[in-house]
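**Q**
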Amino acid sequence: MSDDTLSYEQARTELADVVGRLEQGGSSLEESLALWERGEKLADVCQRWLDGARERIDAARAARDAD
């Protein structure tokens, strides 16, 4: 599944897993860097979803206030 098709919940769950694995330690430097990079991508996916939700809420409020 590509990052573009992940739901917010899927990205958040995978991000939590990545953070947990990083916190456990024991990975090689290369593995840790790969996990960090994956975590950054997942955080971006989550942020895009949250930004989109905020825009929809703001638009709905603006439409309501215009009535």
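In short: position in the sequence shown from 1, add 5, done, that's my numbering. Where a beta carbon is used, it is the ideal one built from N, C-alpha and C, also for glycine. These numbers come from a predicted model, not from an experiment.
1. May I have the straight-line CA-CA distance separating residue 32 from residue 40, to the nearest angstrom?
2. In chain order, what residues of the same chain have a beta carbon less than 8 Å from the beta carbon of residue 27, not counting five sequence neighbours either side?
3. Using only the alpha-carbon positions, how far apart do residue 54 and residue 17 sit?
4. Is it buried or exposed for residue 19, if we count other Cβ within 10 angstroms and need 16 for buried?
5. May I have the straight-line CA-CA distance separating residue 47 from residue 8, to the nearest angstrom?
**A** Answer, in terms of the structure:
1. 9 Å
2. 37, 40, 41, 44
3. 10 Å
4. buried
5. 8 Å
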